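Just so you know, we're using this note's numbering here: the sequence shown kicks off at 6 and counts up by one. Below is one structure; the comments refer to it alone.
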Amino acid sequence: MDAYSWAILTALIWGFVPILEKVGLSNIHPALGVFFRSLGVVIGIFIFGFFLVKPAQLRTVDIKAVAFLVTGGFLASFLAQMTFYNALKLGDVSKVVPISASYPLITFILGILIFKEGFSVVKCLGAAAVIIGIWAIKVG
6 MDAYSWAILT ALIWGFVPIL EKVGLSNIHP ALGVFFRSLG VVIGIFIFGF FLVKPAQLRT
66 VDIKAVAFLV TGGFLASFLA QMTFYNALKL GDVSKVVPIS ASYPLITFIL GILIFKEGFS
126 VVKCLGAAAV IIGIWAIKVG
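And the structure:
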């Protein structure tokens with residue numbers, strides 16, 4: 006599969022999962038929801054590690070890379086998941102998910118500021134479309 010096929014598959018999975026999560030959060034506190042969701046991640050890690058990661062690979066990893074990835078995992082899989090579950094518990098899934106999924110806009114801006122990635126009129130129009138979309142979903 007090419008990158009776009011993988012991206013579409015990702016979008017399909019990420020689009021379906023909040024439906025499961027909204028139902029799962031109906032009678033429990035969001036913090037408990039994050040705990041059980043993380044349990045699913047732990048199970049996945051064991052399966053992944055058992056079949057795909059070779060011990061020799063672990064010894065070759067740069068500690069700086071590990072620090073960045075672990076920090077990203079903590080922020081995305083714990084902190085942002087907690088904020089997302091609070092929003093999902095309190096709000097409409099049809100509004101909360103698209104707004105919280107606008108994170109590529111933040112990444113776009115940070116990519117320009119931190120990595121000096123290219124900026125064009127087309128990219129600016131795309132960013133504006135995301136902002137307009139967020140506003141339209143919020144007021145709609």
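We treat Cβ as the ideally placed atom computed from N, Cα and C, and that holds for glycine. From a predicted model like this one, the values you see are computed outputs, not experimental measurements.
Exposed unless 16 or more other CB atoms sit within 10 angstroms - verdict on residue i
{"i": "Arg64", "result": "exposed"}
{"i": "Val144", "result": "exposed"}
{"i": "Val58", "result": "exposed"}
{"i": "Gln86", "result": "buried"}
{"i": "Pro60", "result": "exposed"}
{"i": "Tyr90", "result": "buried"}
N-terminal and C-terminal residue of the alpha helix (DSSP H) that residue i is part of
{"i": "Lys27", "result": "Ala8 to Gly29"}
{"i": "Ser125", "result": "Element bounds for Ser125: n/a, residue is neither H nor E."}
{"i": "Ser99", "result": "Val98 to Ser105"}
{"i": "Ala72", "result": "Ile68 to Phe79"}
{"i": "Met45", "result": "The displayed chain sequence assigns Gly, not Met, to residue 45. That run of the alpha helix (DSSP H) goes Pro35 to Leu57."}
Residues near residue i in its chain [Cβ-Cβ closer than 7 Å; skip 5 each side]
{"i": "Pro23", "result": "Leu93, Val98 and Val102"}
{"i": "Pro35", "result": "Met87, Tyr90, Asn91 and Lys94"}
{"i": "Phe41", "result": "none"}
Own chain residues within Cβ distance below 6 Å of residue i, not counting five before or after
{"i": "Ile139", "result": "Ile104 and Ser107"}
Cα-Cα separation between residue i and residue j, rounded to whole angstroms
{"i": "Glu26", "j": "Thr15", "result": "16 Å"}
{"i": "Ser125", "j": "Leu118", "result": "14 Å"}
{"i": "Ala134", "j": "Phe83", "result": "29 Å"}
{"i": "Pro109", "j": "Gly38", "result": "25 Å"}
{"i": "Ile48", "j": "Leu115", "result": "33 Å"}
{"i": "Ser31", "j": "Phe21", "result": "16 Å"}
{"i": "Gly56", "j": "Gln62", "result": "According to the sequence as given, residue 56 is Phe; it is not Gly. Roughly 13 Å separates the two Cα atoms."}
{"i": "Ile136", "j": "Gly96", "result": "20 Å"}
{"i": "Lys100", "j": "Ile142", "result": "6 Å"}
{"i": "Thr223", "j": "Ala132", "result": "With the chain covering only 6 through 145, there is no way to say anything about residue 223."}
{"i": "Met6", "j": "Trp19", "result": "18 Å"}
{"i": "Val66", "j": "Trp11", "result": "25 Å"}
Residues near residue i by beta carbon distance below 8 Å, same chain, minus five either side
{"i": "Leu74", "result": "none"}
Short CB-CB distance (under 7 Å) between residue i and chain D
{"i": "Ile68", "result": "Chain labels in this structure do not include chain D; a single protein chain is all it has."}
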